[in-house]
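Colleague: Plus 11 on top of the position in the sequence shown (first one is 1) and you've got the working numbering. Backbone N, C-alpha and C define an ideal beta-carbon position, used for all residues, glycine too. Provided herewith is a single structure, encoded as structure tokens, for subsequent inquiry.
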Amino acid sequence: MYTQALNQADTGSKLVEDADKLARFEAKIDAEERIEPNDWMPEAYRRTLVRQISQHAHSEIVGMLPEGNWITRAPTLRRKAALIAKVQDEGGHGLYLYAAAETLGVSREELIDQLLSGRAKYSSIFNYPTLTWADIGCIGWLVDGAAIMNQIPLCRTSYGPYARAMIRICKEESFHQRQGYEIMLTLCRGSAEQKAMAQDALNRWWWPALMMFGPPDAASVHTEQSMRWKIKRFTNDALRQQFVDATVPQAHFLGLTIPDPDLRYDEASGHWRFGAIDWEEFRQVLAGNGPCNRERMEARRRAHEEGAWVREAALAHAAKRRARAAAKIAAE
Ligand code: BYC
Numbered sequence: 012m013y014t015q016a017l018n019q020a021d022t023g024s025k026l027v028e029d030a031d032k033l034a035r036f037e038a039k040i041d042a043e044e045r046i047e048p049n050d051w052m053p054e055a056y057r058r059t060l061v062r063q064i065s066q067h068a069h070s071e072i073v074g075m076l077p078e079g080n081w082i083t084r085a086p087t088l089r090r091k092a093a094l095i096a097k098v099q100d101e102g103g104h105g106l107y108l109y110a111a112a113e114t115l116g117v118s119r120e121e122l123i124d125q126l127l128s129g130r131a132k133y134s135s136i137f138n139y140p141t142l143t144w145a146d147i148g149c150i151g152w153l154v155d156g157a158a159i160m161n162q163i164p165l166c167r168t169s170y171g172p173y174a175r176a177m178i179r180i181c182k183e184e185s186f187h188q189r190q191g192y193e194i195m196l197t198l199c200r201g202s203a204e205q206k207a208m209a210q211d212a213l214n215r216w217w218w219p220a221l222m223m224f225g226p227p228d229a230a231s232v233h234t235e236q237s238m239r240w241k242i243k244r245f246t247n248d249a250l251r252q253q254f255v256d257a258t259v260p261q262a263h264f265l266g267l268t269i270p271d272p273d274l275r276y277d278e279a280s281g282h283w284r285f286g287a288i289d290w291e292e293f294r295q296v297l298a299g300n301g302p303c304n305r306e307r308m309e310a311r312r313r314a315h316e317e318g319a320w321v322r323e324a325a326l327a328h329a330a331k332r333r334a335r336a337a338a339k340i341a342a343e
């Protein structure tokens with residue numbers, strides 16, 4: 012009886028303590044202060060961040076594949092150098108983001124395992140093929156353009172390590188967007204065949220780029236809570252609209268046609284209104300049935316297996332260094 016009363020008192024004081032911690036956490040969020048790795052945070056906040064940051068990291072790493080496919084076929088040395096640099100940047104973004112996720116107490120191995128076993132998602136956009144050189148232009152222009160729209164607000168996300176990683180990533184994404192647009196501009200000012208290639212790539216990438224922003228707000232599971240925690244600063248639909256408004260005039264400047272018969276400018280709101288997105292296609296891609304899902308996962312699994320010796324060598328090297336350092340201390 013006595014022990015039970017003590018346990019109840021313990022539970023009661025723990026609840027008060029948790030309520031205090033939660034109130035302090037919420038006050039920090041309200042005051043626009045960053046949450047840092049050693050700060051107390053609700054478990055659901057931590058889980059949401061691990062999910063979003065790791066999905067983001069996986070997207071960067073898988074995102075290297077469609078463009079990597081064109082490195083050996085880039086039309087000039089300058090294009091090749093820029094493409095190699097861009098693909099390397101994506102690899103770097105993946106690494107900063109894995110490191111940011113690790114600050115939340117999850118290991119790199121676990122995150123990679125989630126990707127390779129198919130439990131973790133990565134962006135739908137990277138399950139589409141890159142059929143011509145114009146696709147490389149379109150990825151830079153549209154995919155990196157969409158990424159910037161989504162990621163600039165993430166520089167103000169409430170979790171410190173994620174926000175700081177995003178600052179450098181966004182700077183690099185801006186360069187990527189410019190190089191993509193410049194490829195498109197060159198093709199559109201080239202021969203009729205080159206311009207047709209650019210139009211064909213736009214026709215294939217436009218709708219998948221709009222899907223990158225995620226399901227419509229009404230169907231978005233996480234938006235409401237993530238907005239309250241200031242992880243997300245804008246909803247999926249708001250960012251999608253900003254992207255369309257910024258991109259339509261760029262397409263017009265290129266002399267290309269957006270493949271949407273319902274696209275029209277709404278004078279009253281100042282927005283470009285667009286037609287219905289095929290959410291069934293999005294659902295299929297997320298379910299693993301997009302044009303390249305299997306190929307992408309196979310490539311990642313192969314790379315992981317082929318890289319096993321590098322991980323083993325790095326571990327052996329680290330163990331030797333530790334042993335040397337310990338021997339040195341013992342000798343002093
Ligand atoms: N693809 O409740 P919602 C790049 C999932 S990298 C796949 O709205 P949330 C680049 C979502 O995860 C681009 N899955 O979720 C790299 C959730 O499923 P789970 C990646 C998607 O998190 C190389 C479910 O659908 N960018 O730019 O509030 C070269 C319900 O969605 C997608 C980022 O990761 C999708 N498109 O909002 C070039 C940015 N959309 O997890 C470029 C960071 C949604 O419950 N992430 N899902 O199983 C975010 O901003 C948000 O996570 C999202 C989704 C806006 C993507």
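(1) Going by the C-beta, is residue 71 closer than 6 Å to any heavy atom of the ligand BYC?
(2) With DSSP collapsed to three states, give me the class of residue 12.
(3) Taking residue 66 as the reference, give the member of 261, 223, 268 with the closest Cα.
(4) Once the 5 residues before and after residue 145 are set aside, which same chain residues still bring their CB inside 6 Å of it?
(5) By the three-class DSSP mapping on this structure, what secondary structure does residue 46 have?
(6) Please determine, among 95, 96, 63, the residue with the shortest C-alpha to C-alpha distance to residue 165.
(7) Run through the DSSP bridge pairs and tell me what residue 276 is partnered with.
(8) Contact between the segment 149-165 and the segment 184-195: three or more CB pairs below 8 Å?
(9) Which residue's Cα is closest to the Cα of residue 173: 239, 38, 294, 68?
(10) Taking the alpha-carbon of residue 312 as reference, which of 244, 332, 131, 123 has the nearest alpha-carbon?
(11) I'd like to confirm the pairing. Which residues does DSSP put opposite residue 170 in its beta bridges?
(12) Locate the alpha helix (DSSP H) running through residue 109, then write down its first and last residues.
(13) Report back the beta-carbon spacing between residue 302 and residue 138 to the nearest angstrom; my notes put them in contact at under 8 Å.
(14) Starting from residue 288 and walking both ways along the alpha helix (DSSP H), at which residues does that stretch end?
(15) So residue 219 and residue 290 are in contact, right, with Cβ under 8 Å, and what is the actual spacing, rounded?
(16) Grab me the residues of residue 214's own chain with a C-beta within less than 8 Å of its C-beta, minus the 5 sequence neighbours each way, in chain order.
(17) Hey, which unbroken runs of the alpha helix (DSSP H) at 4 residues or more fall wholly within the segment 233-262?
(18) Whole angstroms are fine: how far does the CA of residue 257 sit from the CA of residue 159?
(19) Mapping the DSSP letters down to three states, classify residue 271 as helix, strand or coil.
(20) Can you find the residues in the same chain that come closer than 6 Å, C-beta to C-beta, to residue 183, ignoring five residues on each side of it along the sequence?
(21) Does the beta-carbon of residue 108 have 16 or more other beta-carbons within 10 angstroms, so that it is buried, or is it exposed?
Modeller: Reading off the structure:
(1) Here residue 71 is taken as the residue at index 60 of the sequence shown, counted from 1. Yes, Cβ of residue 71 sits closer than 6 Å to a heavy atom of the ligand BYC.
(2) Locating residue 12 in the sequence shown gives position 1, counting from the first residue. In this prediction, residue 12 scores a pLDDT of 48, lower than 50, which makes its location untrustworthy; the coordinate-derived value is nonetheless stated afterwards. Coil.
(3) Translated into positions along the sequence shown, residue 66 becomes position 55. Answer by Cα proximity: 223.
(4) Reading the sequence shown from its first residue, position 134 is the one you call residue 145. For residue 145, where only same-chain residues beyond five positions count, the Cβ hits under 6 Å are 198, 208, 209, 212.
(5) Mapped onto the sequence shown, residue 46 falls at position 35. Reduced to three states, the DSSP call for residue 46 is strand.
(6) Position 154 of the sequence shown, counted from the first residue, corresponds to residue 165. Residue 165 has its Cα closest to that of 63, out of 95, 96, 63.
(7) Taking the first residue of the sequence shown as 1, we reach residue 276 at position 265. Answer is 283.
(8) yes
(9) For this step, residue 173 is matched to residue 162 along the sequence shown. If we check each option's Cα against that of residue 173, 68 comes out closest.
(10) Walking along the sequence shown from the start, residue 312 turns up at place 301. Answer by Cα proximity: 123.
(11) The count along the sequence shown starts at 1 and reaches residue 170 at position 159. Bridge partners of residue 170: 46.
(12) What you label residue 109 is simply residue 98 of the sequence shown in a count that begins at 1. First-last of the alpha helix (DSSP H) with residue 109: 88-113.
(13) By one-based count along the sequence shown, residue 302 stands at place 291. By one-based count along the sequence shown, residue 138 stands at place 127. Their Cβ separation, rounded to whole angstroms, is 6 Å, which keeps residue 302 and residue 138 in contact under 8 Å.
(14) Here residue 288 refers to the residue found at position 277 of the sequence shown. Unbroken run through residue 288: none, as it is neither H nor E.
(15) In the sequence shown, residue 219 corresponds to position 208, counting from 1. In the sequence shown, residue 290 corresponds to position 279, counting from 1. Rounded, the Cβ-Cβ distance is 12 Å, inconsistent with contact.
(16) Locating residue 214 in the sequence shown gives position 203, where the first residue counts as 1. Closer than 8 Å at the Cβ level, and outside the excluded window around residue 214, lie 270.
(17) 234-239
(18) Mapped onto the sequence shown, residue 159 falls at position 148. Mapped onto the sequence shown, residue 257 falls at position 246. Rounded to whole angstroms, residue 159 to residue 257 spans 11 Å at the Cα level.
(19) Translated into positions along the sequence shown, residue 271 becomes position 260. The answer is coil: DSSP assigns residue 271 none of H, G, I, E or B.
(20) For the purposes of this step, residue 183 is taken as residue 172 along the sequence shown, with counting starting at 1. Closer than 6 Å at Cβ, skipping near neighbours: 100.
(21) In the sequence shown, residue 108 corresponds to position 97, counting from 1. Flag for residue 108 reads buried.
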